[in-house]
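Visitor:
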Amino acid sequence: MADLFRRSIEIITSNQSPSGAYIACPNFPTYAYCWFRDGAFIAYAMDLAGEHASARRFHDWAARAINRRQGLVADALAAAASGASLGNEDILHTRYTLEGEEASGEAWPNFQLDGFGTWLWALRQHLLCTGQEPPAAWLEAAGLVAAYLAALWQRPCFDCWEEFPDRVHSHTLAAIYAGLQAHAAIAGANHQQVLESIRTLLVDSSAEGGYFIKLMGSPSVDASLIGLSTPYQVVAPEHPAMEATIARIERALAAGGGVHRYATDTYYGGGEWVLLAGWLGWHYAESGRPERARAFLDWMESQADETGCLPEQTPTHLIDPEYYEPWLKRWGPVARPLLWSHAMYIILSQKLDAFS
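Residues 26 to 381, numbered by the working numbering, are exactly what the sequence shown covers, in order.
1) Going by the C-beta, is Ile-271 closer than 8 Å to any heavy atom of the ligand HEM?
2) Where do the N-terminal and C-terminal ends of the alpha helix (DSSP H) with Leu-388 fall, by residue?
3) Using a Cβ distance threshold of 8 Å, determine whether the stretch 125-137 contacts the stretch 148-155, with at least three qualifying pairs required.
4) In the structure shown, what three-state DSSP assignment does Ala-170 receive?
5) Which residues bound the alpha helix (DSSP H) around Cys-154?
6) Beta-carbon within less than 6 Å of Ala-74's beta-carbon, same chain only, minus the 5 sequence neighbours each way: which residues are those?
7) On the three-state DSSP scale, how would you describe His-194?
8) Quick test of your reading: Tyr-349 and Pro-358, contact by CB under 8 Å. State the CB separation rounded to the nearest angstrom.
9) Is the beta carbon of Ser-249 closer than 9 Å to that of His-194?
10) Excluding the 5 residues flanking Ala-175 on each side, which residues of the same chain have their C-beta closer than 7 Å to its C-beta?
11) Looking at C-alpha atoms only, which residue of Ser-230, Phe-237, Glu-165 is the closest neighbour of His-208?
12) Please state if the CB of Leu-153 and the CB of Val-98 are separated by a distance shorter than 9 Å.
13) Quick one: give me the first and last residue of the alpha helix (DSSP H) that Thr-122 is part of.
14) Going along the chain, which unbroken runs of the alpha helix (DSSP H) with 4 or more residues stay wholly within the stretch 233-279?
15) Could you compute how far the alpha carbon of Ala-214 sits from the alpha carbon of Ala-302?
16) Is the stretch 260-273 touching the stretch 304-318, taking contact as three or more C-beta pairs under 8 Å?
17) Along the chain, where does the alpha helix (DSSP H) that runs through Ser-107 open and close?
18) Could you pull out every residue in the same chain whose Cβ sits closer than 7 Å to the Cβ of Trp-60, ignoring the five residues on either side in sequence?
19) Within 10 angstroms of the Cβ of Gly-383, are there 16 or more other Cβ atoms? Answer buried if so, exposed if not.
20) I need the straight-line Cα distance from Ser-245 to Ala-161, nearest angstrom please.
21) Can you have a look at Gln-157 and say buried or exposed, based on whether 16 or more other CB atoms are within 10 angstroms of its CB?
22) Between the C-alpha atoms of Gly-64 and Pro-346, what's the straight-line distance to the nearest angstrom?
23) Does the distance from the CB of Lys-239 to the CB of Asp-247 come in under 9 Å?
24) Are Tyr-236 and Ala-272 close, meaning C-beta to C-beta below 9 Å?
25) Excluding sequence positions up to five away, which residues of its chain have a Cβ less than 7 Å from the Cβ of Pro-51?
26) Using a Cβ-Cβ cut-off of 7 Å (strictly less than) and excluding sequence neighbours within five positions of Asp-72, which residues of its own chain qualify?
27) Give the secondary structure of Thr-289 by DSSP, where H, G and I count as helix, E and B as strand, and everything else as coil.
28) Do you know how far the Cα of Ala-78 is from the Cα of Tyr-47?
29) Would you kindly work out how many angstroms separate the C-alpha atoms of Pro-181 and Pro-190, rounded to a whole number?
30) In angstroms, rounded to a whole number, what distance separates the CA positions of Ala-200 and Trp-304?
31) Quick one: give me the first and last residue of the alpha helix (DSSP H) that His-308 is part of.
32) Under DSSP, the alpha helix (DSSP H) around Ser-366 begins and ends at which residues?
33) Under DSSP, the alpha helix (DSSP H) around Ile-48 begins and ends at which residues?
34) Please classify Gly-252: is it buried, with 16 or more other beta-carbons within 10 angstroms of its beta-carbon, or exposed?
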């Protein structure tokens with residue numbers, strides 16, 4: 026639907042701060058910040074849409090946010106080397122204000138590593154899309170982030186859903202893998218030992234059940250596991266464990282048209298996430314299954330309201346309906362428009378266009 030494609034670009038553009046940051050959602054107070062994870066996918070979508078100036082402004086913002094915390098990264102590396110624990114004040118935060126400052130007030134699960142790996146991946150994609158050379162500030166920030174990820178990748182942290190802080194998560198490892206690969210390509214750095222260790226851990230984790238798992242030591246799946254292949258390329262789409270993982274995601278999480286995060290999700294009752302429909306569709310487009318990808322694009326279009334805004338999730342086919350009202354009372358209606366949802370719509374649209 027061309028109108029929703031254009032509307033998605035408009036929504037993202039109008040909600041990009043003069044600083045370059047993308048607000049996660051403009052009318053959901055809890056999301057009035059810029060996440061590295063969301064922003065990286067949004068910037069990639071804008072690159073695919075030809076909006077390279079928007080993506081560049083985001084990467085400028087991200088590099089500034091990192092470079093002003095050079096001392097913090099150095100201290101984190103020293104703590105990692107000594108085996109010391111890291112507090113909230115010792116880490117790069119997952120989200121920042123639109124001016125690049127730490128968010129104050131509400132406590133937040135800030136120790137999340139996947140967003141920084143995804144940012145490095147998106148940074149390389151921008152350079153590939155534009156053919157430009159990375160500015161010195163980008164190289165400096167990328168080096169800091171790569172060193173940070175290489176030092177901390179084995180530590181438990183919050184996952185991409187900002188949960189389960191005491192576990193090591195497959196999606197997080199895959200994002201770090203892609204980020205370090207991207208940094209190696211951008212800067213000529215050697216991360217081979219860490220890359221091999223991460224890939225070995227992930228592949229070994231699939232040995233018992235024949236599929237990839239949500240987190241180390243658990244047999245469950247999570248929709249974020251799509252990322253191991255698309256886009257992080259730890260394994261190819263046709264890898265047997267990847268195919269088995271996608272099949273399990275389809276059976277357990279995608280029976281209603283959209284895609285749930287995981288089988289016991291209770292956030293707003295555990296609805297179907299628009300961005301995950303885009304992500305699974307993206308994977309099918311990359312796997313040479315455009316008909317299946319198109320079905321997810323059609324479902325995403327059906328979730329847009331009369332103003333062309335896409336939500337984070339939909340309250341249909343809830344996993345646990347009893348949790349919907351408590352979240353509604355706590356934070357209000359589901360976030361809409363969620364810029365990450367619009368980004369995934371753009372990505373899937375462009376991947377299908379390229380396929381055809």
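All C-beta atoms, glycine included, are put in the ideal place defined by N, C-alpha and C.
Guide: Reading from the atomic positions:
1) This structure lacks the ligand HEM; in fact it carries no ligand of any kind.
2) Because the chain here runs from 26 to 381, residue 388 falls outside it and cannot be looked at.
3) No, because fewer than three Cβ pairs between the stretch 125-137 and the stretch 148-155 fall closer than 8 Å, the two stretches do not touch.
4) The sequence shown places Val at residue 170, rather than the Ala named in the question. If DSSP states are grouped into helix, strand and coil, Val-170 belongs with the helices.
5) Cys-154 -> alpha helix (DSSP H) spans 139-155.
6) Within the same chain, Ala-74 has close Cβ partners Ile-34, Ile-371.
7) Correct three-state label for His-194: strand.
8) Not confirmed; about 11 Å, so no contact.
9) Yes. Within cutoff.
10) Non-local C-beta neighbours of Ala-175 in its own chain, meaning closer than 7 Å and more than five positions away in sequence, comprise Leu-205, His-216, Val-219, ordered along the chain.
11) Selected option, being the one with the closest Cα: Glu-165.
12) The answer is no: Cβ separation not under 9 Å.
13) That residue, Thr-122, is in no alpha helix (DSSP H); it is neither H nor E in DSSP.
14) Entirely contained in the stretch 233-279, the alpha helix (DSSP H) runs reaching 4 residues are, in chain order, 265-278.
15) Across the structure, Ala-214 and Ala-302 are spaced so that their CA atoms are roughly 35 Å apart.
16) Yes, since at least three Cβ pairs between the stretch 260-273 and the stretch 304-318 fall closer than 8 Å, the two stretches touch.
17) 95-107 is the span of the alpha helix (DSSP H), which, as asked, contains Ser-107.
18) Cβ contact annotation for Trp-60 (same chain, cutoff 7 Å, sequence separation greater than five): Ala-49, Thr-119, Arg-120, Gly-140, in chain order.
19) What the structure shows of the chain is the stretch from 26 to 381, and residue 383 is not part of that stretch, so it cannot be assessed.
20) About 42 Å.
21) Classification of Gln-157: exposed, given that the 10 Å Cβ count is below 16.
22) If I take the Cα positions, the gap works out to 30 Å.
23) With respect to Asp-247, Lys-239 sits close: the two C-beta atoms are nearer than 9 Å.
24) Going by C-beta atoms, Tyr-236 is nearer than 9 Å to Ala-272.
25) By the criterion of a C-beta distance shorter than 7 Å, Pro-51 is surrounded in its chain by Asn-40, once the five residues flanking it on both sides are discounted.
26) So the qualifying residues of the chain are Ala-80, Gln-150, His-151, Cys-154.
27) Thr-289: coil per DSSP, three-state reduction.
28) Pairing Tyr-47 with Ala-78, the inter-Cα distance amounts to about 13 Å.
29) Each residue's CA atom was taken as its position, placing Pro-181 and Pro-190 some 6 Å apart.
30) Cα-Cα distance, rounded: 14 Å.
31) It spans 299-311 - the alpha helix (DSSP H) in which His-308 sits, taken as one unbroken run.
32) 364-380 is the extent of the alpha helix (DSSP H) around Ser-366.
33) Run containing Ile-48: none; DSSP gives neither H nor E here.
34) Burial state of Gly-252 is buried, judged by a 10 Å Cβ sphere holding 16 or more other Cβ atoms.
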